[in-house]
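The structure appears right after this line, and notes come after that.
Structure, rendered in structure tokens:
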């Protein structure tokens, strides 16, 4: 158990819909990262938050957004969903800079 | 910009044989280097990492990797494969001072009894 909790584990939704994925980092970790794992794109960094503020942005679509709340949990919002958004979405957390990233078990999103 | 190349999307070895998974990186400055393992339906687990110091890094489950700056490589090895090593392995890099990871495309390791 990495200590990072992601909910839900599975999500099936229709094209055009909006979903919210949730991540609770390890206790004490201030940074949260979101990654997307898909068959065609592999594992891609989406976005990082540190103590409530956006710290780094990767290949995140404009239809996607994230935030980190005062209790340090984070949500990834995916809107106007397309079939190609079907993927495994991972959250990771770290305590500081260049420290080990601990990954959650992921949310498998299926868009039909 | 960072990039990672993993040669061989699938590698098969016999139980007890040497495991060698290849990783090359492209970066203007030597980055931090990582190997992660992903078992089916699970998240990623850190096997080992190189930041500074000794270039031969030992990780969990008997794996090790050597950072070779001249070859821009960070290949993962294990002297003797075990059935439980069957999984997908990802090489990743991060810039010094940053934690966001750039991953290779992964190598699926199959261990044949």
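Chains as they are written, first to last, in the numbering used here: chain A, 1 to 112; chain B, 1 to 113. Every residue gets a Cβ at the ideal spot worked out from N, C-alpha and C, and that includes glycine.
Is DSSP giving residue i helix, strand or coil here?
| i | result |
| --- | --- |
| residue 54(A) | strand |
| residue 83(A) | helix |
| residue 69(B) | helix |
| residue 60(B) | helix |
| residue 27(B) | coil |
| residue 84(B) | helix |
| residue 92(B) | strand |
| residue 39(A) | coil |
| residue 44(B) | strand |
Checking contacts by CB at 9 Å: is residue i closer than that to chain B?
| i | result |
| --- | --- |
| residue 49(A) | no |
| residue 109(A) | no |
| residue 24(A) | no |
| residue 20(A) | no |
| residue 106(A) | yes |
| residue 100(A) | yes |
| residue 90(A) | yes |
| residue 68(A) | no |
| residue 28(A) | no |
Just to confirm, is the Cβ distance from residue i to residue j under 9 Å?
| i | j | result |
| --- | --- | --- |
| residue 43(B) | residue 4(A) | yes |
| residue 86(A) | residue 109(A) | yes |
| residue 58(A) | residue 100(B) | yes |
| residue 69(A) | residue 90(A) | no |
| residue 78(A) | residue 19(A) | yes |
| residue 6(A) | residue 67(A) | no |
| residue 113(B) | residue 18(B) | no |
| residue 97(A) | residue 12(A) | no |
| residue 95(A) | residue 40(A) | no |
Taking the straight line between their C-alpha atoms, what separation do you get for residue i and residue j?
| i | j | result |
| --- | --- | --- |
| residue 93(A) | residue 62(A) | 23 Å |
| residue 34(B) | residue 75(B) | 10 Å |
| residue 21(A) | residue 34(A) | 10 Å |
| residue 62(B) | residue 48(B) | 10 Å |
| residue 36(A) | residue 43(A) | 6 Å |
| residue 2(A) | residue 101(A) | 10 Å |
| residue 87(B) | residue 38(B) | 6 Å |
| residue 36(B) | residue 65(B) | 12 Å |
| residue 75(A) | residue 15(B) | 42 Å |
Any C-beta of chain A sitting closer than 9 Å to the C-beta of residue i?
| i | result |
| --- | --- |
| residue 25(B) | no |
| residue 36(B) | yes |
| residue 58(B) | no |
Report task. Could you tell me whether the segment 91-100 of chain B touches the segment 24-33 of chain B, using the rule of 3 or more Cβ pairs below 8 Å? Result -> yes
Query raised in the report: Touching or not, the segment 101-112 of chain B and the segment 1-9 of chain B, by the rule of three or more beta carbon pairs under 8 Å?
Result: yes
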